[in-house]
Amino acid sequence: MPVYEYQCTKCGQIEEALQKISDSPLEICPHCKGHLKKIISQSTFHLKGSGWYVTDYGGAKTGT
Numbered sequence: 021m022p023v024y025e026y027q028c029t030k031c032g033q034i035e036e037a038l039q040k041i042s043d044s045p046l047e048i049c050p051h052c053k054g055h056l057k058k059i060i061s062q063s064t065f066h067l068k069g070s071g072w073y074v075t076d077y078g079g080a081k082t083g084t
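For the sequence shown, this note's numbering begins at 21 and goes up steadily by one.
Now the structure itself:
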């Protein structure tokens, strides 16, 4: 399940929630009862090893 981040529009507190994609988004801040807005956060996904465009083909071309 993905982790979603929400920020309160009233107090600025950031909340994380482990939710299914089909779950309803959080709406109420548990700290001040303000409105929560879903925010885009940085992914922890990282391509490692060979076989990816970035590692095998993304560099400078040689021989031309």
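By construction, the Cβ of each residue, glycine as well, lies at the ideal position given by its N, Cα and C atoms.
Note that this is a predicted model, so its numbers are computed, not measured.
Item: Quick check: the Cα distance between serine 61 and glycine 71, rounded to an integer number of angstroms?; Value: 27 Å
Item: Apart from the five residues on each side of it in sequence, which residues of its chain come closer than 6 Å, Cβ to Cβ, to proline 45?; Value: Lys58
Item: Given that a residue counts as buried once 16 or more other Cβ atoms are within 10 Å of its Cβ, and exposed if not, what is tyrosine 77?; Value: exposed
Item: Roughly how many angstroms lie between the CA atoms of tyrosine 26 and isoleucine 48, to the nearest whole one?; Value: 10 Å
Item: Using the Cα positions of lysine 68 and glutamate 35, report the straight-line distance between them to the nearest angstrom.; Value: 30 Å
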